[in-house]
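Accompanying notes for the structure given below.
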Ligand code: UTP
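Numbering (our numbering), first residue to last: 44 to 335.
Rendered as structure tokens:
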């Protein structure tokens, strides 16, 4: 089984739920505690052994492209001022020259359309897809867990999580034939089913390891739920040929594509930081007293 070396980050969505902030700032650049969302996604990919990074961007997302590059003037100023820790932080936010690629999606025709644009860049090997909106707090980074499980399988793999019945119709949902621990043998996938038609309680969240055979289906450009070209539909169409596994990862996923999810994630990630947690606990107590 070949190593998963490449990851695609679809970041071409409009981010309407974060207007007016996203009028001039890409959603993926909004800071969760002190790092932009996209940094969490790239760090997770690196921890899983990813070496090449493709960002599917859209007009107006130039800030994303410059984020991973060098900033010689700032680096020089920090070096002159002896600010070693700030320099270290900057280095963490850089991708080595030649490792990051950008492809523009001119119209937001859907996640499937965004991934279709990666076909030539991907080539012949399995590749990962990370949606930066979904941020996972876990012991082992979610994609690293998937890469490990995928090594033994070699089919398409989608990350899944248990979703309450009143929210399941917002997700792609897997039909599970059999579960073996975290790994689920999937016999069908359906995008945004009505709650009473959902084939299971497991929704697909923003991590995938896909085989290039998915592109033959994406290329057809078939419109699905919401009139968009859906990635779930292309994976479903390839199920008979390549097989699909669900993977119920360990960890908590936060939907940072929605405002409540982003606020929830901000509290959780701040609590996980030793340098911030005590101040946060004090602030929470103060709020309770003020509200009483
Ligand atoms: P969302 O469904 O969250 O859409 O996309 P959005 O446009 O980003 O946000 P809202 O709903 O307007 O607030 C899920 C993921 O798919 C990408 C998004 O960038 C996000 O990572 N996407 C979606 C694309 O890259 N292209 C598309 O055409 C649609």
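Using N, Cα and C, we set each Cβ at its ideal position, and we do this for glycine too.
The closest CA to that of residue 205, considering only 170, 182, 242 and 313, is found on 242.
For residue 94, the three-state secondary structure derived from DSSP is coil.
Take residue 162, set aside five residues on each side of it, and the residues of its chain with a beta-carbon closer than 8 Å to its own are 255, 258, 261 and 262, in chain order. Selection 124, 269, 175 and 95 evaluated against residue 69 yields 175 as nearest (Cα-Cα). Between residue 189 and residue 230, the C-beta spacing is not below 8 Å. Exclusion of the five residues before and after residue 152 leaves 271 and 272 as the residues of its chain whose Cβ lies within less than 7 Å of its Cβ.
For residue 189, the enclosing alpha helix (DSSP H) starts and ends at 185-193. Cβ atoms of residue 107 and residue 51 stay farther apart than 8 Å, at about 14 Å.
Secondary structure note for residue 202: its beta strand (DSSP E) is the uninterrupted segment 199-205. In this structure the segment 302-322 does not touch the segment 220-236; the number of beta carbon pairs closer than 8 Å is below three. The Cβ atoms of residue 169 and residue 252 sit closer than 8 Å to each other.
For residue 216, the enclosing beta strand (DSSP E) stretches over residues 215-223. Residue 292 sits in coil when the DSSP states are folded into three classes, being neither helix nor strand.
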